[in-house]
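Numbered per numbering that gives the first Met the number 0, the sequence shown spans residues 0 to 817.
Even glycine gets a Cβ: it sits at the ideal position worked out from N, Cα and C.
These numbers were taken from a predicted model, which means no experiment stands behind them.
Here is the structure we will look at, set down as structure tokens.
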Amino acid sequence: MGLLAAFSLTALRAQTSPVPYGASAILQGLHQFSQTGTVLYIAAHPDDEDTQLIGYFAQGRGFRTGYLSLNRGEGGQNLIGGEFGDELGVIRTQELLAARGVDGGRQFFTLARDFGYSKDYRDTLRRWDRREVLIDMLRVIRTFRPDVLITRFPPEPGGTHGHHTASTVLTLEAFPLAGDPKAFPDRLGDLAPWRPKRVLWDAYRPGFRPNPAPDQAPKHDEAYVDMGGYNPVIGLSYGEIAARSRSMHRSQGFGSLPTRGSRYAYFKLLAGAPAQTDPFDGIDTSWGRFPGGNAIGAAAEAAIHGFNPARPEDSVPALLALRDQIDALPGASTDPLLRDKRAELNRLIEGCLGLHVQSTVPAVEARAGTAVTVTTTVINRSALEVTWNGAVLPSNTSVLHDRAMTAPARVTQPYWLVADESPGMFHVAPEAENLIGRPASPPALTVEEVFLVAGHTLPVTAIVENIVAQPDRGEVRRPLEVVPPVSLHFLQPVALLRPGASIDVAVRVTPNSPHANGVLKLELGATPGSWTISPSFQNFDVKTPTLFRFSLQAPPAAAIQRLTADATVDGRTCDTDRTEIRYPHIPDQLLQPKARLRAVSLDLKVTARRVGYFAGAGDSVADSLALMGCTVVPLRAEDLTAATLRSLDAVVLGIRAFNVRPELAAHFDALLAYVFGGGTVVAQYTTPNQLSTDRLGPYPLTLERDLPRHRIVDEHSPVTLIDPNLPVLTTPNRITADDFSGWVQERGLNFPATWDPRYQTVLASLDPGEAPLASGLLVAPYGRGWYVYTGLSFFRQLPAGVPGAYRLFANLISLSSH
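And the structure:
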């Protein structure tokens, strides 16, 4: 297995470096072992990192290289599917792990939430818990112990995301505190202080310094590196590695072409000791940084020069001797770098032996607390003698061992999603604080094996996983997932009903074993008001997924209520739903959030009955239309004909349809003809980059890339109705300022920069300190019909059950049907 393949397979499932199988991977690992430098790159989001610089430091110079992303990107958009919020954060977490699996870095996070675009870092720090994010950063710095911190963005605000600037502001705060034993002793007292040498800004971007050549000498506080080199052991340039790494960010559409040849990264000093020529000026990155370590460095160089790619096992005695030398160093058991280096040696030894250790279970899921049979398979693919469980392993012969293990009591769920979050932060229970910083939860079960090689022990940890062959995917490996006795699922996340009315609420009970029985209840929120549920409970005895219906009655006035479902099975409370995320570039993900429903009682009128939906990048607006009582007709490009469209009261274009559906351009005339003949088209937001057509409506309108200028990020910003008597604001629902209460994350994004005066401007809103924007909702009469272009984020508001968003969207689709 090649080096990149080894990284891709293993780093997706664990945060340690992979076992280097194959001569090139082992040789690369030996080079990395011989170096002791550590660098931590810090920015705000998944995709902010400089993948070429990470690959250059990790695989070119052999340094321990990490990327600390302050959030997981859950507030962004999704180019490949309909997942948003926490689900998108999980996807982007796995994409980052896939990227690190290519470029060789390690991944870290804080508990900050991506709450959407921020125009000011001070606003960001108000929404985040500044103190808690800082503590999380210090936890990572003291644990990883970087020599150098590198930020992606400058500390001064200037036309960029507030999260970006905040990431550097916080880095500069963390720099002195990391080495201060008096900093947060109640939270960090178990972590030894550590202060990096300097903080640098990765300022190579065009505009700061010409690229690619350093045609003039750096200033005294600048350093630079040529990160465009070629690694002959891997067979790739760092630009090629970077493109493969960057292309893992598929939910953001960041597929990249490789670069070759010189490319310079320039650094500006932000804090600490100056670096005049190189980011690591004045830092000993050899083994000589440890007392008595020079002998280890010399032995490591000898191991590199003595490595025989045809007989990797010949290097094992030298590597075992190196491990003994590390164990003899002061602080070997406590210093994080020495512990990492010892673990690297163990993996190199395992790779040199070709030692295959695999622990499997027959099914990917097990009920919490139940027994599972784990089969461990071991193969010694070397000529050296290896002993396991007291027996010598025959060369290239599979040896199996079955054992009974117990699945954990806690169901599988990403650790940052277990507790309820606040708008700006995730939270974890005190017993889970040791997980903060990690990219993912530890596997549910692992098997610890100990081998004897040349009189030395070799520990190996295997993740307990299920391995199957799928016809369309080949080998699929998934760590054991722990599930409750039953999973509960509301058929929709939002229920709409009129004040005083009743509605059936259906919950699907899915047994996670051949048979389950118990009691099912629906619970109202902390302030139930006059909402009622009947019956109060239902007994169940199920072998297959089964629906249970409850009647929910709303109070006489408009109101919002949250419902949760829970079932009691054998004395255990089960209250989780299940969602599976599957994309080919990341491992399959099982999420088990709490089973919840948001009930919204509101006065809603809809006169459009049949609504066509032409999907874009992915959203759940079509489901919301069905909740409104509409018959939703999915549309393909070939359906955009007069014969199909004439039966529809309205057509809605999904988000970013003009970006991801190039066939839309060829059928756009048919849509406009439908509008001209009396129909309504509602086009939701799109982005200015990668447009399939410049025609976004019957009359000209343009988009610009200037993100801060053409969006409203404050979801509480006041909204002015420009002409309250426009049909779009009066029929069939009278829209008032109250309909803009309770919006989530933002008002909208990518508002048109220019538009033809034949478009009616309907609303005006503004962020603090800015001029009002009036292009978030444009409505144009065209022929006998109506064309609507809106940057308002209905794709967030409707799934969140925002009443006013439903009332306004009902007016948009009903323009031609009243």
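Assigned with DSSP and collapsed to three states, M136 falls in helix. DSSP places P184 in the helix class (H, G or I) of the three-state scheme. Of A222, I240, E221, the smallest CA-CA separation from G228 is found for I240. In the three-state DSSP reduction, Q469 falls in the strand class (E or B).
Boundaries of the beta strand (DSSP E) harbouring K520: 515-523, taken from the DSSP string. Here the C-alpha atom of L78 lies approximately 29 Å from the C-alpha atom of V599. A distance of 8 Å or more separates the beta carbons of I25 and G234.
Of the candidates E522, H514, S529, L256, the residue whose Cα lies closest to the Cα of V541 is H514.
A Cβ-Cβ separation of about 13 Å leaves F549 out of contact with F539 under the 8 Å criterion.
Taking a cut-off of 8 Å for Cβ pairs, the region 127-135 and the region 171-191 touch, as three or more such pairs fall below it. Beyond the five residues adjoining it in sequence on each side, F536 comes within less than 8 Å, by CB distance, of V518, L519, K520 in the same chain, given in chain order.
Proximity of the region 255-268 to the region 309-320 falls short of the contact definition, fewer than three beta-carbon pairs being nearer than 8 Å. Setting aside the 5 residues that flank it on each side, H584 is surrounded in the same chain by E94, A97, M247, R249, each with a C-beta closer than 8 Å to its C-beta; the list follows chain order.
In this structure, DSSP gives W200 an extended state, which the three-state scheme calls strand. At the C-beta level, I41 and L67 come within 8 Å of one another. Here R507 has H488, P544, L546 as same chain residues with Cβ atoms under 6 Å from its own Cβ, once five neighbours each way along the sequence are excluded. Ranked by how close their Cα comes to the Cα of P441, the residues V475, S244, E448, A431 have A431 in first place. Contact between L523 and Q560 holds: their C-beta atoms lie close to 6 Å from each other, under 8 Å.
Less than 8 Å separates the beta-carbon of G353 from that of Y20. Judged by DSSP in its simplified three-state form, F266 adopts strand. Under the three-state reduction of DSSP output, S314 falls in the helix class. Inclusion of L187 and R141 in the CB contact set at 8 Å is warranted, their separation being smaller than that value. The beta-carbon distance between A202 and D280, rounded to whole angstroms, is 17 Å. This is too long to meet the 8 Å contact definition.
Per DSSP, the beta bridge partners of Y223 are Y265. Judged by DSSP secondary structure, I149 falls within the beta strand (DSSP E) whose first and last residues are 147-150. If you draw a straight line from the Cα of V356 to the Cα of M226, it is about 36 Å long. Distances from the alpha-carbon of M424 to those of R60, E48, E73, D49 put E73 closest.
In the DSSP assignment, S166 falls within the alpha helix (DSSP H) that extends over 161-176. Taking C-alpha positions only, S501 is separated from P554 by approximately 9 Å.
Here S529 is exposed: its Cβ has fewer than 16 other Cβ atoms, across all protein chains shown, within 10 Å. Counting along the chain, N810 sits inside the alpha helix (DSSP H) bounded by residues 802-812.
DSSP places Q27 inside the alpha helix (DSSP H), whose first and last residues are 22-32. V681 is positioned such that its CB atom lies closer than 8 Å to that of V787. The beta-carbon separation of P592 and L416, rounded to 7 Å, stays under the 8 Å limit for a contact.
A317 and F289 have their alpha carbons spaced roughly 20 Å apart. Under the DSSP assignment, D401 falls in the beta strand (DSSP E) whose first and last residues are 398-405.
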